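> First the structure, then my questions, so here it is.
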Amino acid sequence: MSLNLDSRQRAMLEEMRVKVWAPVTQPAAALEAPVAMAAPSESVAPRESAAVRAAARPEAAAMALQPRASGVQTMDWAALQQAVAGCRACALCTGRRHTVFGMGGLRAPVADQPPLADWLIVGEAPGEQEDLSGQPFVGPAGQLLDNMLKAMGLDRRRETATGDGRAAQGTYIANVLKCRPPSNRNPEGEEVAQCLPFLQRQIELLQPKIILAMGRFAAQALLHDSVPDAHSLPLGKLRGQVHRYRGIPVVVTYHPAYLLRALGDKAKAWADLCLAMQVRNGAE
Ligand code: SF4
11 MSLNLDSRQR AMLEEMRVKV WAPVTQPAAA LEAPVAMAAP SESVAPRESA AVRAAARPEA
71 AAMALQPRAS GVQTMDWAAL QQAVAGCRAC ALCTGRRHTV FGMGGLRAPV ADQPPLADWL
131 IVGEAPGEQE DLSGQPFVGP AGQLLDNMLK AMGLDRRRET ATGDGRAAQG TYIANVLKCR
191 PPSNRNPEGE EVAQCLPFLQ RQIELLQPKI ILAMGRFAAQ ALLHDSVPDA HSLPLGKLRG
251 QVHRYRGIPV VVTYHPAYLL RALGDKAKAW ADLCLAMQVR NGAE
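Those letters in the sequence shown? Residues 11 to 294, by the working numbering.
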């Protein structure tokens with residue numbers, strides 16, 4: 011029996027080092043971007059970086075790539091949104107339809123004030139549907155995330171009353187990368203390096219009480235400074251403990267796109283969510 015996996019699900023399975031058999035297909039998008047997601051990495055020629063691919067089209071690169079806006083670390087929420095919307099600091103800008111800044115919180119941003127959010131959910135990068143809509147976590151993975159949040163008593167679209175007299179909790183969702191990698195391939199180091207300051211500034215402004223890092227790339231981006239070997243550890247080694255990002259507790263769990271196929275790991279993900287809720291409740 012073959013698994014009918016889409017490219018993102020394949021990417022997440024590869025990310026999690028889960029090997030599956032599937033018939034080789036050539037999606038149309040893959041014709042535009044030569045990075046083959048489903049091919050075993052041992053058997054393909056070294057991948058071109060996004061910058062190299064952009065450089066192969068010098069007129070597009072010259073038009074498209076510009077240094078990241080200066081002063082990100084002091085921007086207010088509105089300026090940060092504008093900077094992301096107009097960003098052309100890496101080659102991902104050449105193929106995007108929309109940047110995906112994030113969504114959620116107890117209130118819409120007021121002027122330069124960020125939304126209020128106790129919880130910050132950090133994913134990897136926009137996929138095809140996120141690129142089309144400009145919103146994070148839409149489609150089946152987004153529905154699963156919403157169900158996971160609902161099971162925790164959270165909702166990204168409105169404030170969540172706890173029912174026990176405690177204050178409502180807001181939930182904000184963002185990704186490490188704000189633009190979609192072609193064919194939903196894994197983020198490259200240079201792309202993360204260019205884009206991460208935006209997420210870091212979002213965190214500074216949101217000041218969440220807890221961060222849930224979904225997937226290996228989100229965990230690596232957030233734990234780079236606090237876990238020296240985060241880049242070489244599989245996600246399973248980062249789960250089950252409470253990390254810190256600049257003093258904010260971080261719990262690592264599986265990406266919902268991975269869980270859509272790895273049903274057996276849903277119980278582990280639930281254990282991660284329970285740990286996060288314990289931490290959050292203890293932090294009040
Ligand atoms: S991925 Fe990030 S750094 Fe690259 S163009 Fe988009 S917003 Fe800019």
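C-beta: ideal position from N, C-alpha, C; glycine also.
Treat the numbers as computed from the prediction; the structure is a model and nothing was measured.
Hey, could you find the ends of the beta strand (DSSP E) G133 is sitting in?
Taking the first residue of the sequence shown as 1, we reach residue 133 at position 123. Where G133 is concerned, the enclosing beta strand (DSSP E) stretches over 129-133.
> Return the first residue and the last residue of the alpha helix (DSSP H) that N185 is part of.
What you label residue 185 is simply residue 175 of the sequence shown in a count that begins at 1. Per DSSP, N185 belongs to no alpha helix (DSSP H); it is in the beta strand (DSSP E), 181-185.
> Could you give the residue range of the alpha helix (DSSP H) that holds V94?
If you number the sequence shown from 1, residue 94 lands on position 84. Segment 87-95, the alpha helix (DSSP H) holding V94.
> List, from N- to C-terminal side, the alpha helix (DSSP H) runs of 4 residues or more that fit wholly inside the region 201-283.
226-233, 245-248, 266-269
> Just to confirm, is the Cβ distance from K188 to C97 under 8 Å?
Position 178 of the sequence shown, counted from the first residue, corresponds to residue 188. Position 87 of the sequence shown, counted from the first residue, corresponds to residue 97. In this structure, C97 lies closer than 8 Å to K188 by Cβ.
> DSSP state of M113, grouped into three classes?
As a working note, residue 113 is residue 103 in the sequence shown. For M113, the secondary structure class from DSSP, reduced to helix, strand or coil, is strand.
> Sorry if obvious, but does the Cβ on S148 come closer than 7 Å to a heavy atom of the ligand SF4?
Indexing the sequence shown from 1 puts residue 148 at position 138. The question names Ser, but residue 148 is Val in the sequence shown. Not under cutoff, so the answer is no.
> So, helix, strand or coil for Q153, using DSSP?
Against the sequence shown, residue 153 aligns to sequence position 143. It is helical.
> If I measure Cβ to Cβ from V314 and keep anything under 8 Å in the same chain, skipping five residues before and after, which residues do I get?
The chain is shown from 11 up to 294; residue 314 falls before or after that span and cannot be answered.
> Within 10 angstroms of its Cβ, does L155 collect 16 or more other Cβ (buried), or is it exposed?
The residue you call residue 155 lines up with position 145 of the sequence shown. Buried, since its Cβ has 16 or more Cβ neighbours within 10 Å.
> With three or more C-beta pairs closer than 8 Å as the rule, is the region 80-87 touching the region 98-118?
no
> So which residues touch the region around the ligand SF4, with touch meaning a C-beta under 7 Å from any heavy atom?
R78, V94, C97, R98, A99, C100, L102, C103, R106, T109, L187, K188, C189, E201, Q204, C205, F208
> Tell me the DSSP secondary structure of Q76 in three-state form.
Locating residue 76 in the sequence shown gives position 66, counting from the first residue. Reduced to three states, the DSSP call for Q76 is coil.
> From what residue to what residue does the alpha helix (DSSP H) around Q83 run?
Position 73 of the sequence shown holds residue 83. DSSP places Q83 in no alpha helix (DSSP H); its state is neither H nor E.
> Closer than 6 Å by C-beta to L75: which residues in its own chain qualify, once you throw out the five before and the five after it? Chain order, please.
Position 65 of the sequence shown, counted from the first residue, corresponds to residue 75. Around L75: R98.
> Which value, in whole angstroms, describes the spacing of the CA atoms of N185 and D239?
Taking the first residue of the sequence shown as position 1, residue 185 is located at position 175. Taking the first residue of the sequence shown as position 1, residue 239 is located at position 229. Between the alpha carbons of N185 and D239 lies a distance of about 22 Å.
> Suppose the cutoff is 6 Å on Cβ atoms and the five residues either side in sequence are ignored; what does the same chain contact list for P207 look like?
Counted from its first residue, the sequence shown places residue 207 at position 197. Result list for P207: V82, in chain order.
> Does DSSP classify G105 as helix, strand or coil?
To locate residue 105, count along the sequence shown from 1; it is residue 95. Three-state result, G105: coil.
> Over the uninterrupted alpha helix (DSSP H) stretch that includes L141, give me the two end residues.
For the purposes of this step, residue 141 is identified with residue 131 of the sequence shown, where counting begins at 1. Here residue 141 turns out to be Asp, not Leu, going by the sequence shown. Annotation for D141: the continuous alpha helix (DSSP H) segment containing it runs 138-143.
> Label G199 either buried or exposed according to how many other C-beta atoms from any shown protein chain fall within 10 Å of its C-beta, with 16 as the threshold for buried.
Here residue 199 refers to the residue found at position 189 when the sequence shown is read from its first residue. The residue in question, G199, is exposed, as its Cβ has fewer than 16 Cβ neighbours within 10 Å.
> Could you give the DSSP three-state label for L164: helix, strand or coil?
Residue 164 sits at position 154 when you count from the first residue of the sequence shown. Here L164 sits in coil by DSSP.
> Cα separation between R107 and R166?
Numbered from 1 along the sequence shown, position 97 holds the residue referred to as residue 107. Numbered from 1 along the sequence shown, position 156 holds the residue referred to as residue 166. Distance between the alpha carbons of R107 and R166 is about 23 Å.
> How many Å lie between G246 and D282 at the Cα?
Taking the sequence shown and counting its residues from 1, one reaches residue 246 at position 236. Taking the sequence shown and counting its residues from 1, one reaches residue 282 at position 272. Roughly 11 Å between the two C-alpha positions.
> So for N196, helix, strand or coil by DSSP?
Position 186 of the sequence shown holds residue 196. For N196, the three-state secondary structure derived from DSSP is coil.
> Which word fits S193, buried or exposed, when buried means at least 16 other C-beta atoms lie within 10 angstroms of its C-beta?
Position 183 of the sequence shown, counting from 1, holds the residue named residue 193. Buried, since its Cβ has 16 or more Cβ neighbours within 10 Å.
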